[in-house]
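Residue numbers (the working numbering): 143 to 484.
Glycine is no exception: its CB is placed at the ideal position from the N, C-alpha and C atoms.
As structure tokens, the structure follows; a few thoughts come after it.
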Ligand code: GUN
Ligand code: ZN
């Protein structure tokens, strides 16, 4: 352990929407570093008071604790900006054909390199990623992440209906493949790599698949959980037809125990009051993806309503529906964020 405090101007924004201006700069901030890893950040007096024996060096450069992207699809890196209609048409016409290319491990490895090069260029330090339904796509991503310095949470997309057959995996196989990947990657690189159980969303899941996801999370509670929720009106209506007994969309996930602390639900636009309250009660996280919501014309997420209810909201680039990898650009379009005047 080799600790150092860097003191100077600090932009504390890390990708979480708190109601503060993401562009605000504290004149007298500090980072606590262990080698090059940021382990704490905040006002200089607090960091120095908490670590009285640690050497302090002064800097004039504006510092950042690091930027987190809570929702991104690495296999969609090359389809950014490719028009295909609303969510469901875009998935069918643009996204699924592109994801089929990840059956080739060499292709997956090539895109993984481009993906991390781009994230490093925009300053993202912590990323939560969807791969495809090919285990080799997960191996390619984590193998590349191992030689980088980002914190990476990622997982195999689980789907067993309503997508091209080349992307479907029966629930039991998706369970077995996920389990093997958890054993290989969860906690690797001294804990920098973390596995996320990743059922894509309710419309591409049978009850058996969601059951498998819930079982995996119970068996591996330190893993992350991520999926999509209520992104478009057509999607919500489809979920109602597929799961007629569920009172609302989130209730489908609740029935299979995949709503819980730190589970990430991307989009969460068209929610009932019950769903908002349940997300808060479960300490779940919404990944707000404003550039993707604009691109697919999915609607506007009422972030102020989520924050008021006590839901944690983080930003996601949602590449490739999102139009930029740069989380500061995503923040500029985010709902519920104060705009800098002048
Ligand atoms: N819902 C299910 N899959 C996807 C995806 O790949 N992108 C977006 N934006 N929404 C989804
Ligand atoms: Zn997504």
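By how many angstroms is the C-alpha of residue j removed from the C-alpha of residue i?
| i | j | result |
| --- | --- | --- |
| residue 341 | residue 237 | 16 Å |
| residue 444 | residue 164 | 18 Å |
| residue 310 | residue 379 | 22 Å |
| residue 467 | residue 180 | 22 Å |
| residue 440 | residue 281 | 32 Å |
| residue 413 | residue 447 | 10 Å |
| residue 260 | residue 193 | 35 Å |
| residue 383 | residue 389 | 11 Å |
| residue 406 | residue 271 | 11 Å |
Using a 10 Å radius around the Cβ and a threshold of 16 neighbouring Cβ atoms, would you call residue i buried or exposed?
| i | result |
| --- | --- |
| residue 484 | Because residue 484 carries a pLDDT of 47, less than 50, the predicted location of this residue cannot be relied on, and the following value inherits that uncertainty. Its Cβ having fewer than 16 others within 10 Å, residue 484 is exposed. |
| residue 143 | exposed |
| residue 218 | buried |
| residue 199 | exposed |
| residue 364 | exposed |
| residue 187 | exposed |
| residue 481 | exposed |
| residue 459 | buried |
| residue 201 | exposed |
| residue 403 | exposed |
Tell whether a beta-carbon distance below 8 Å holds between residue i and residue j.
| i | j | result |
| --- | --- | --- |
| residue 322 | residue 366 | no |
| residue 223 | residue 232 | no |
| residue 215 | residue 429 | no |
| residue 244 | residue 251 | no |
| residue 173 | residue 183 | yes |
| residue 370 | residue 308 | no |
| residue 454 | residue 427 | yes |
| residue 415 | residue 348 | no |
| residue 300 | residue 278 | no |
| residue 294 | residue 269 | yes |
| residue 442 | residue 157 | no |
| residue 350 | residue 397 | no |
Within its chain, find whatever has a CB closer than 8 Å to the CB of residue i; leave out the 5 residues flanking it on each side and keep chain order.
| i | result |
| --- | --- |
| residue 258 | 286, 287, 290 and 292 |
| residue 221 | 236, 237, 240 and 462 |
| residue 360 | 399 |
Considering only residues of the same chain and omitting the five flanking positions on each side of residue i, which have a CB-CB separation below 7 Å?
| i | result |
| --- | --- |
| residue 381 | 344, 345, 391 and 394 |
| residue 228 | 374, 376, 438 and 439 |
| residue 465 | 222, 223, 433 and 437 |
Please go through the same chain and pick out, in chain order, the residues whose beta-carbon is closer than 6 Å to the beta-carbon of residue i, but skip the five residues on each side of it.
| i | result |
| --- | --- |
| residue 432 | 475 and 476 |
| residue 253 | 219 |
| residue 152 | 168, 171 and 205 |
Residues around ligand 1, please: the condition is that the C-beta lies closer than 6 Å to some non-hydrogen atom of it.
215, 229, 233, 237, 342, 343, 370, 373, 434, 460 and 463
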